[in-house]
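What follows is a set of notes on a single structure, which appears directly below.
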Amino acid sequence: MPESTAHRTTHAGVADVMRIDGVYYDTLKLAAIHPGGPMMIKMANGTDATRIFVSYHRRRFPHAKYKHLQVAPADVQSGLIADEVPPNFDLYLELCEKVRPIISPTNGFAPWYYFIKAAVWSLIVLALDLYAVFTWRPLYLTVLQSLAMAMLGLNVQHDANHGALSVNPVINRVFGLTQDLLGGSSISWIIHHDFIHHIYTNEPHRDLDLDIPLLRLHRFVPKRYYYALQQVYFLVLEAVFGPIHVLSNALFLWSGPEKRLRFLRGEWKLSCLMTLIPPLRLAFSFLHASTVWDAFMGFFVQYAVGGMYLAFFFLISHNFTGVRKEGSSDGACFLRAQVETSSSVGGWWLGQINGGLNYQIEHHLFPRVHHGYYYYIAPTVRNFCAERGISYVQFNTLWENVLSTVNHLSAYGHGAEREIAVGKE
1 MPESTAHRTT
11 HAGVADVMRI
21 DGVYYDTLKL
31 AAIHPGGPMM
41 IKMANGTDAT
51 RIFVSYHRRR
61 FPHAKYKHLQ
71 VAPADVQSGL
81 IADEVPPNFD
91 LYLELCEKVR
101 PIISPTNGFA
111 PWYYFIKAAV
121 WSLIVLALDL
131 YAVFTWRPLY
141 LTVLQSLAMA
151 MLGLNVQHDA
161 NHGALSVNPV
171 INRVFGLTQD
181 LLGGSSISWI
191 IHHDFIHHIY
201 TNEPHRDLDL
211 DIPLLRLHRF
221 VPKRYYYALQ
231 QVYFLVLEAV
241 FGPIHVLSNA
251 LFLWSGPEKR
261 LRFLRGEWKL
271 SCLMTLIPPL
281 RLAFSFLHAS
291 TVWDAFMGFF
301 VQYAVGGMYL
311 AFFFLISHNF
321 TGVRKEGSSD
331 GACFLRAQVE
341 TSSSVGGWWL
351 GQINGGLNYQ
361 IEHHLFPRVH
371 HGYYYYIAPT
381 VRNFCAERGI
391 SYVQFNTLWE
401 NVLSTVNHLS
411 AYGHGAEREI
421 AVGKE
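With the UniProt record's numbering, you'll find the sequence shown wraps up at 425, consecutive numbering, no jumps.
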């Protein structure tokens with residue numbers, strides 16, 4: 001018996017399948033023919049992939065075309081994938097048709113000139129790393145590199161690990177590894193960001209980004225007296241996000257893949273190898289620093305400044321007055337669930353700086369569309385939502401967004417979120 005079949009079939013049934021629209025598919029067979037490369041399919045092993053398929057491809061799955069890859073429900077291991085009611089995609093797919101002509105020049109992928117920006121940020125990060133190999137890097141250059149690392153994360157790895165740079169999966173994978181270069185993990189990021197945060201946005205008990213230590217971001221977090229000040233100290237937490245993120249990703253990778261992700265062993269080993277980059281940065285910091293304090297401070301700043309920038313913009317995108325944080329998207333309108341859990345702020349210039357992530361609504365609706373298009377599709381999305389009574393939150397200035405986030409954190413910190421929810425209705 002071939003190894004793949006032997007490993008995938010147990011006395012309880014076939015274990016290596018994924019489910020789309022209630023139909024089971026052989027994971028490895030589908031991965032072998034997937035035009036976008038096998039990695040995302042292997043990551044979907046043992047899960048319901050309905051939401052991520054529709055939002056990434058902007059169409060329904062062609063079940064008839066791939067009928068030969070289907071696995072009968074009776075042959076699937078009992079209880080392998082939890083029962084889940086898919087959202088209603090009708091309005092979302094209607095919007096996709098309206099957006100399609102706007103993104104048609106490159107079918108939503110990056111235009112050729114984008115790669116100039118990608119090369120610039122990559123070269124700045126690498127050049128300042130190389131500088132630190134031979135001599136002590138002044139603090140102002142470390143701050144510059146930290147910000148460049150944030151720009152690389154926002155403008156390059158983010159699009160790449162969503163598959164939005166190119167139709168060629170190799171290009172997406174190579175640029176996606178810049179996440180590992182920065183000290184993160186492309187594997188961990190895709191698992192937790194693409195497969196959890198994006199499809200269960202702001203859903204308590206599902207979206208792990210709502211469960212941040214020392215912050216009360218949803219009503220199921222038990223009330224504590226110190227949460228009353230979270231609108232003040234959240235900035236301190238964001239300052240340590242970068243270093244903690246590096247450590248937590250390393251621990252995640254070195255614990256090894258869970259059973260359903262074992263087909264990713266090759267990618268996993270590469271990411272594990274790249275976890276040696278942050279310790280090397282620390283080693284060179286010690287080699288050239290005049291004091292132990294300078295060495296640690298240089299290393300901390302390298303990850304703290306950029307990490308704070310990333311965490312700040314992520315927090316304000318999904319935490320603001322009136323944001324939806326109730327219920328589940330199961331059986332609900334997918335378009336409404338995505339739009340009413342995010343917000344957008346600013347315009348074209350901020351989009352160029354932040355990799356389009358100031359257009360968080362557009363990004364959540366079209367994660368596999370390159371960020372350069374978000375500014376142009378935003379008016380269509382806004383008008384479509386207005387016509388259908390869907391709340392689209394757009395902040396004209398960053399300051400308005402920040403004030404709304406502070407008020408939101410204060411409300412949840414004081415346990416007043418129920419009053420706001422009732423008032424909104």
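Here a beta-carbon is modelled for each residue, glycine too, at the ideal position from N, C-alpha and C.
Counting only the same chain and skipping the five closest in sequence on each side, list residues whose C-beta sits under 7 Å from that of residue i.
i           : result
A6          : Caution applies to A6, whose pLDDT of 38 falls short of 50 and renders its modelled position unreliable; the value that the coordinates give is listed next. Around A6: no qualifying Cβ.
G306        : S146, L147, M149, A150 and G242
F115        : none
G176        : Q157, A160, N161 and S186
residue 444 : The chain is shown only over 1 to 425; residue 444 falls outside these bounds and no answer can be derived.
Quick one: Cα of residue i to Cα of residue j, how far?
i           : j    : result
residue 490 : H192 : This structure leaves residue 490 out entirely; the chain is present only between 1 and 425.
T106        : A64  : 28 Å
residue 428 : A74  : Nothing in the structure corresponds to residue 428, since the chain is present only between 1 and 425.
V406        : N358 : 18 Å
P38         : R60  : 19 Å
R100        : V23  : 27 Å
I282        : F299 : Sequence inspection shows Leu at residue 282; the Ile mentioned does not correspond to that position. Whole-angstrom Cα-Cα distance: 6 Å.
V167        : Y225 : 50 Å
Y374        : T142 : 31 Å
P222        : Y113 : 49 Å
E94         : H34  : 25 Å
K42         : A164 : 18 Å
Q352        : A110 : 13 Å
A49         : A332 : 16 Å
V54         : P257 : 26 Å
A118        : T178 : 10 Å
A295        : H288 : 8 Å
T380        : H364 : 15 Å
A378        : Y92  : 14 Å
G153        : H414 : 34 Å
A15         : N45  : 9 Å
I102        : R137 : 45 Å
I52         : S104 : 21 Å
S30         : Y227 : In the sequence under discussion, the amino acid at residue 30 is Leu, which differs from the Ser named in the question. Roughly 47 Å separates the two Cα atoms.
Take residue i and list the residues in its own chain whose beta-carbon comes closer than 6 Å to its own, dropping the five residues that flank it on each side.
i           : result
F284        : A132 and V133
residue 448 : Nothing about residue 448 can be reported from this structure: the residues present for the chain run from 1 to 425 only.
G13         : D75, V76 and Q77
H218        : P204, L210 and K325
R336        : I390
Y56         : R368
Q394        : S344
I81         : R19 and D48
Output needed for residue i: all residues of its chain with C-beta closer than 8 Å, excluding positions within five of it in sequence on either side, in chain order.
i    : result
R206 : I196, Y200 and S328
V402 : I316
Y25  : V17, M18, R19, Y66, L69, Q70 and V71
Under 8 Å between the Cβ atoms of residue i and residue j?
i    : j    : result
S343 : F320 : yes
I390 : V323 : no
G183 : P86  : no
A311 : E400 : no
H162 : D194 : yes
L128 : M274 : no
Have a look at the DSSP bridge pairing and note the partners of residue i.
i           : result
residue 440 : In this structure the chain extends from 1 to 425, so residue 440 is not present and cannot be described.
Y359        : S344
F284        : In DSSP, F284 forms no bridge with anything.
Q394        : S344
Q70         : Y25
C272        : BP columns for C272 are empty, so no partner.
G242        : DSSP output for G242 lists no bridge partner at all.
residue 471 : No answer is possible for residue 471: the residues shown for the chain start at 1 and end at 425.
C333        : N88
Looking at the ligand MN, does it come within less than 7 Å of residue i, judged from the CB to the closest heavy atom?
i    : result
G176 : This structure simply doesn't include the ligand MN, nor any ligand for that matter.
Within the segment 99-178, ranges of the beta strand (DSSP E) (whole runs, at least 3 residues)
none
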